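Q:
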Amino acid sequence: MIDFEPTEEQQLIIETVQAFAQNEIRPRARDAEESAKCPSEVLSAAHELGLVANALPEEFGGGGERSAVTGVLIAEELAWGDLALALGILAPSLAALPVLDFGTDEQKQEILPASIERPVAPTTLALVEPRFDFDPFRPTTSAKSDGGDFIIDGSKCMVPWLEGVESVLVSAADAQGAQLFQVPCDAPGLKIAPDDYMGIRALPTISLTLEGVRVSGNARVGAAQGCDHAALVNRGRVGLAALAVGVSRAAFELSRDYAKERHAFGVPIATKQAIAFKLADMAIEIDGLRMLTWEAAWKLDAGDDVTREAALAIDQARRVALQVADGSVQVFGGHGYVREYLPELLLRNARGFASFEALTLI
Amino acid sequence: MAISFEPAENSLRARDFYHELATEHMRPISRKYDTQEHDLPVEWVDHYWNHVRDNTPANDGPSDGFVQVCIQAEELCWGDAGLYLRSPTAALGGSAVSAAGTPEQKERFLKPFRGKGQPIWGAMAITEANAGSDSAAIETTAELDEETGEYLLNGTKIFCTAGEGASQVEGGFVVVWATVDKSAGRGGIKSFVVPAGTPGMKLVGLEKKLGIRVSDTATLVFEDCRVPAANLLGRAEVKKKDPKKSGDKGFKGAMATFDASRPIVAAMAVGVGRASLDFLKEELERQGVTIRYDAPPREQTALERDVIEMEAELQAARLLTWRAASMMNRGKPNSLEASMAKAKAGLSVTRITQKAVELLGPLGYSRKLLVEKWMRDAKINDIYEGTQQINQLIVARRILEYASSMLR
Ligand SMILES: Cc1cc2nc3c(=O)[nH]c(=O)nc-3n(C[C@H](O)[C@H](O)[C@H](O)COP(=O)(O)OP(=O)(O)OC[C@H]3O[C@@H](n4cnc5c(N)ncnc54)[C@H](O)[C@@H]3O)c2cc1C
Numbered sequence: 001m002i003d004f005e006p007t008e009e010q011q012l013i014i015e016t017v018q019a020f021a022q023n024e025i026r027p028r029a030r031d032a033e034e035s036a037k038c039p040s041e042v043l044s045a046a047h048e049l050g051l052v053a054n055a056l057p058e059e060f061g062g063g064g065e066r067s068a069v070t071g072v073l074i075a076e077e078l079a080w081g082d083l084a085l086a087l088g089i090l091a092p093s094l095a096a097l098p099v100l101d102f103g104t105d106e107q108k109q110e111i112l113p114a115s116i117e118r119p120v121a122p123t124t125l126a127l128v129e130p131r132f133d134f135d136p137f138r139p140t141t142s143a144k145s146d147g148g149d150f151i152i153d154g155s156k157c158m159v160p161w162l163e164g165v166e167s168v169l170v171s172a173a174d175a176q177g178a179q180l181f182q183v184p185c186d187a188p189g190l191k192i193a194p195d196d197y198m199g200i201r202a203l204p205t206i207s208l209t210l211e212g213v214r215v216s217g218n219a220r221v222g223a224a225q226g227c228d229h230a231a232l233v234n235r236g237r238v239g240l241a242a243l244a245v246g247v248s249r250a251a252f253e254l255s256r257d258y259a260k261e262r263h264a265f266g267v268p269i270a271t272k273q274a275i276a277f278k279l280a281d282m283a284i285e286i287d288g289l290r291m292l293t294w295e296a297a298w299k300l301d302a303g304d305d306v307t308r309e310a311a312l313a314i315d316q317a318r319r320v321a322l323q324v325a326d327g328s329v330q331v332f333g334g335h336g337y338v339r340e341y342l343p344e345l346l347l348r349n350a351r352g353f354a355s356f357e358a359l360t361l362i
Numbered sequence: 363m364a365i366s367f368e369p370a371e372n373s374l375r376a377r378d379f380y381h382e383l384a385t386e387h388m389r390p391i392s393r394k395y396d397t398q399e400h401d402l403p404v405e406w407v408d409h410y411w412n413h414v415r416d417n418t419p420a421n422d423g424p425s426d427g428f429v430q431v432c433i434q435a436e437e438l439c440w441g442d443a444g445l446y447l448r449s450p451t452a453a454l455g456g457s458a459v460s461a462a463g464t465p466e467q468k469e470r471f472l473k474p475f476r477g478k479g480q481p482i483w484g485a486m487a488i489t490e491a492n493a494g495s496d497s498a499a500i501e502t503t504a505e506l507d508e509e510t511g512e513y514l515l516n517g518t519k520i521f522c523t524a525g526e527g528a529s530q531v532e533g534g535f536v537v538v539w540a541t542v543d544k545s546a547g548r549g550g551i552k553s554f555v556v557p558a559g560t561p562g563m564k565l566v567g568l569e570k571k572l573g574i575r576v577s578d579t580a581t582l583v584f585e586d587c588r589v590p591a592a593n594l595l596g597r598a599e600v601k602k603k604d605p606k607k608s609g610d611k612g613f614k615g616a617m618a619t620f621d622a623s624r625p626i627v628a629a630m631a632v633g634v635g636r637a638s639l640d641f642l643k644e645e646l647e648r649q650g651v652t653i654r655y656d657a658p659p660r661e662q663t664a665l666e667r668d669v670i671e672m673e674a675e676l677q678a679a680r681l682l683t684w685r686a687a688s689m690m691n692r693g694k695p696n697s698l699e700a701s702m703a704k705a706k707a708g709l710s711v712t713r714i715t716q717k718a719v720e721l722l723g724p725l726g727y728s729r730k731l732l733v734e735k736w737m738r739d740a741k742i743n744d745i746y747e748g749t750q751q752i753n754q755l756i757v758a759r760r761i762l763e764y765a766s767s768m769l770r
């Protein structure tokens with residue numbers, strides 16, 4: 001039966017995460033952004049809530065409650081607080097979910113408990129490549145088999161890189177197509193350099209250059225079986241769409257409240273249709289995007305191929321987030337342009353969705 | 363319950379049933395009645411009255427409730443939105459009776475629609491030449507004749523959908539909005555059921571339109587048109603305007619029927635939009651063009667980008683519609699969500715159908731195919747049941763928590 005009501009348990013999770021976002025994330029967002037640092041106390045506090053751990057199986061120390069729908073509900077609330085910090089909080093999913101879905105027993109033993117125990121997982125994911133024609137489904141980074149080993153060449157960027165990362169899952173094309181390979185940070189031929197972006201500055205990100213990096217056959221996620229790389233990209237897109245809902249909602253709520261306070265020509269600007277209709281459109285578009293995101297997540301839980309749904313959701317996410325964030329700067333007028341207020345930060349973050357891929361997984 | 367996008371078995375069966383109906387009985391006569399404006403589409407009306415009503419899939423087991431009504435509207439409007447509006451049903455007039463009528467009124471006015479006689483129609487007449495979006499400005503009067511206990515209606519209503527059938531064919535009725543006390547403002551506005559053939563109700567004209575041409579859009583004149591007091595829907599007494607309070611409960615009640623009708627209109631829009639999009643994709647496939655959902659944006663053709671955006675817009679509109687409908691199932695107030703769905707569907711489907719004409723080139727513009735008709739049909743969804751702007755206004759007032767006096 002068609003229904004749009006979260007379960008009571010999900011409702012409780014939403015409320016908990018909303019409170020967390022309001023009390024712990026939002027107040028730190030601006031400072032974190034200006035100092036380009038992801039505050040460790042936020043990561044620790046979020047870790048206590050067990051947002052990622054709860055989705056992982058009990059045998060590895062998780063809560064065993066995996067649900068993409070619950071995942072998107074959480075992601076929206078966190079991103080409402082701040083996108084960069086939300087990405088930091090959700091970063092453990094980047095290695096845990098691909099390994100959970102496709103990894104060998106050995107890989108699960110190595111990566112899952114470690115992703116659950118610590119606020120910062122020791123493994124991260126490198127998918128995006130620094131090129132205008134980057135295709136997440138078909139990376140140009142290559143992995144050539146050499147004896148039992150693989151030799152990896154290529155470059156990556158936008159890799160979440162919190163303190164304590166020891167290895168990175170690099171997406172690269174081998175004879176079977178796109179796959180993931182676990183590369184230790186100290187592997188010879190691997191070079192790491194910090195990234196520098198217009199937004200999400202509180203999330204440390206890095207670029208990788210891989211020149212003839214040799215890894216053993218066991219480093220391939222899923223070993224001989226490999227992994228369904230496209231499914232991973234889709235999970236990333238649904239997650240990003242959920243984050244875009246959160247960012248958009250933040251921009252909308254700030255604009256709505258401001259428009260009721262701010263007077264021009266003797267009346268609150270919200271009483272002017274040009275502003276009121278902009279706000280109405282924001283609200284409608286955000287809800288439309290949220291529904292598309294929920295549907296894609298629900299299909300993930302049902303085990304369906306969601307390539308189309310994820311494409312529709314991310315298409316709308318890119319458009320809506322930018323439109324709403326731009327609208328929030330506009331509603332704030334000059335005040336939207338100065339860094340004392342959040343809209344300018346939201347606009348910088350929102351523009352990123354066009355370039356983001358696999359910064360979180362659902 | 364939990365978030366779920368899986369239609370109930372009943373809905374799936376209903377969808378198949380209406381889809382076949384749309385394919386077999388609507389599409390083949392779509393063009394004919396687009397051209398023969400004002401002709402009664404006898405084959406559709408008779409088929410609907412004699413077969414469809416009896417054969418609609420029964421709802422046994424779990425049901426999507428009001429969402430299923432939306433699914434039905436989408437399928438039939440995928441077939442032909444004009445024919446859907448011309449179907450012999452109580453339509454909006456029936457919704458008004460259901461929402462505000464007494465059990466006796468429901469029995470009296472709605473029972474004939476379950477009967478066996480000739481096909482009949484219901485309609486709703488609010489709009490006047492000087493009162494469209496501002497429906498509280500209506501000037502049609504209803505004066506109580508104390509002696510006979512009857513109301514005398516006087517005024518002219520325009521743009522009444524199904525107004526020809528509902529005013530002319532015995533057994534049907536028109537729900538008419540009129541004011542019993544101009545000085546009371548909105549509080550004085552009441553609605554009356556005027557049975558077809560009531561002396562004093564005259565059909566004086568039918569509009570020629572951009573689209574949905576088979577739907578009869580009537581001008582009705584009321585001249586000392588007498589209806590018994592028992593035909594008044596809701597309460598008779600007038601709550602005077604209190605400037606401190608918004609004392610127009612009756613009017614608000616009347617507006618509440620829109621909470622049910624707007625999701626249906628949104629679903630109708632989605633049906634027309636889907637017709638265009640389905641055709642476009644089939645035509646592209648025939649030409650060997652497939653939409654690559656997983657190609658990077660820089661590699662997708664402009665055509666692929668357009669189609670993906672159209673699909674996303676359509677699906678967002680559909681899901682907003684279903685959300686508004688499912689809130690009704692739960693008995694939750696949904697006027698915000700109903701207006702969101704109507705605004706989104708009206709606008710996005712207008713754009714989708716216009717884009718489909720563009721993308722198909724001369725095929726899209728040709729009257730040999732139906733794509734151009736769908737574009738003409740779709741546009742009405744952005745106008746009636748509250749224009750785009752009126753629904754934006756409602757959404758804006760709700761999210762800002764403004765009374766209508768704050769945002770006009
Ligand atoms: C085919 C058809 C079928 C119809 N069926 C029915 C029916 O069955 N029953 C019935 O009662 N009516 C029906 N209508 C009438 C329909 O509901 C009205 O046409 C509609 O409400 C708009 O009113 P209007 O045409 O007077 O436009 P106006 O109210 O004159 O509006 C003109 C423009 O101004 C905008 N506008 C108006 N007020 C505002 C505001 N406050 N803020 C911003 N913009 C504003 C409108 O959005 C529109 O763009 C039908 C109309 C058509 C064309």
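Read top to bottom, the protein sequences are chains A and B. As numbered in the numbering used here, residues 1 to 362 make up the first sequence, in order. As numbered in the numbering used here, residues 363 to 770 make up the second sequence, in order. For glycine and all other residues, C-beta sits at the position ideal for the given N, C-alpha and C. Only a predicted model underlies this, so the values are computations on that prediction, with no experimental measurement involved.
Would you say residue 429 (chain B) faces chain A, with C-beta separation under 7 angstroms as the test?
A: yes
Q: Got a sec? Which residues, its chain only, sit under 7 angstroms from residue 64 (chain A) by beta carbon, not counting five neighbours each side?
A: 57, 58
Q: Listing by chain order, which chain A residues have their CB less than 7 angstroms from the CB of residue 688 (chain B)?
A: 2, 3, 4
Q: Take residue 348 (chain A) and list the residues in its own chain whose beta-carbon comes closer than 7 angstroms to its own, dropping the five residues that flank it on each side.
A: 198, 199
Q: Which value, in whole angstroms, describes the spacing of the CA atoms of residue 545 (chain B) and residue 624 (chain B)?
A: Cα to Cα, the separation comes out at about 30 angstroms.
Q: How should residue 649 (chain B) be labelled, buried or exposed, when 16 other C-beta atoms within 10 angstroms of its C-beta is the threshold for buried?
A: exposed
Q: At which residues does the alpha helix (DSSP H) containing residue 73 (chain A) begin and terminate?
A: 68–81
Q: Cβ closer than 8 angstroms: which chain B residues qualify as neighbours of residue 256 (chain A)?
A: 761, 762
Q: Taking only beta-carbon atoms, is residue 284 (chain A) less than 7 angstroms away from chain B?
A: yes
Q: Which chain A residues are close to residue 671 (chain B), counting only those with a beta carbon under 7 angstroms from its beta carbon?
A: 315
Q: Does the contact criterion of 3 or more C-beta pairs under 8 angstroms hold for the region 371–390 of chain B versus the region 208–227 of chain A?
A: no
Q: So does residue 111 (chain A) have its beta carbon nearer than 6 angstroms to some heavy atom of ligand 1?
A: no
Q: Flag this pair as yes or no: are the beta carbons of residue 781 (chain B) and residue 541 (chain B) separated by less than 7 angstroms?
A: Outside the shown range of chain B, which is 363 to 770, sits residue 781 (chain B), and nothing can be said about it.
Q: Please list the partners that residue 133 (chain A) has in chain B, where partner means a Cβ-to-Cβ separation under 8 angstroms.
A: 658, 660, 661
Q: Taking 7 angstroms as the CB-CB limit, is residue 366 (chain B) close to chain A?
A: Proximity of residue 366 (chain B) to chain A, defined by a Cβ-Cβ separation below 7 angstroms, is satisfied.
Q: At 8 angstroms on the CB atoms, spell out the chain B contacts of residue 260 (chain A), in chain order.
A: 762
Q: If we cut at 7 angstroms on Cβ distances, does residue 426 (chain B) have a partner in chain A?
A: yes
Q: Quick one: Cα of residue 74 (chain A) to Cα of residue 725 (chain B), how far?
A: If you take the alpha carbons of residue 74 (chain A) and residue 725 (chain B), they lie about 47 angstroms apart.
Q: Which residues in the same chain as residue 28 (chain A) place their Cβ atom closer than 8 angstroms to its Cβ, once the five residues preceding and following it in sequence are excluded?
A: Closer than 8 angstroms at Cβ, skipping near neighbours: 39, 42, 82, 85.
Q: Identify the continuous beta strand (DSSP E) that holds residue 427 (chain B) and give its terminal residues.
A: Unbroken run through residue 427 (chain B): none, as it is neither H nor E.
Q: Under 7 angstroms Cβ to Cβ from residue 33 (chain A), same chain only, skipping five residues before and after it: list those, please.
A: 84, 201, 202, 345
Q: Got a sec, what are the start and stop residues for the beta strand (DSSP E) residue 553 (chain B) sits in?
A: 551–557
Q: How would you label residue 698 (chain B), buried or exposed, when you count the other beta carbons within 10 angstroms and need 16 or more for buried?
A: buried
Q: Could you pull out every residue in the same chain whose Cβ sits closer than 6 angstroms to the Cβ of residue 356 (chain A), ignoring the five residues on either side in sequence?
A: 240
Q: Give the DSSP-derived three-state secondary structure of residue 432 (chain B) in the structure shown.
A: helix
Q: Which residue from B:581, B:672, B:455 puts its Cα closest to that of residue 641 (chain B)?
A: B:672
Q: DSSP on residue 744 (chain B), reduced to helix/strand/coil?
A: Residue state, collapsed to three classes: helix.
Q: Along the region 466–494 of chain B, where does the CB come closer than 8 angstroms to a CB of chain A? Name the residues.
A: none
Q: Go ahead and pull the three-state DSSP assignment for residue 539 (chain B).
A: strand
Q: Quick check on DSSP: helix, strand or coil for residue 220 (chain A)?
A: strand
Q: Mind listing which residues of the region 729–759 of chain B have their C-beta closer than 7 angstroms to chain A's C-betas, in chain order?
A: 754, 757, 758
Q: Any heavy atom of ligand 1 within a distance shorter than 6 angstroms of the CB on residue 495 (chain B)?
A: Residue 495 (chain B) Cβ: within cutoff of ligand 1.
Q: Is the CB-CB distance between residue 525 (chain B) and residue 485 (chain B) below 7 angstroms?
A: The answer is yes: Cβ separation under 7 angstroms.
Q: Consider the Cβ of residue 380 (chain B): report whether some Cβ of chain A lies at a distance smaller than 7 angstroms.
A: no
Q: Taking only runs of the beta strand (DSSP E) that begin and end inside the region 191–250 of chain A, which ones reach a length of at least 3 residues, in chain order?
A: Those beta strand (DSSP E) runs which fall completely within the region 191–250 of chain A and span 3+ residues are 205–215.
Q: Just to make sure I have the definition right: I need the residues of chain A whose C-beta is within less than 8 angstroms of the C-beta of residue 685 (chain B). Which are they?
A: 4, 287, 291
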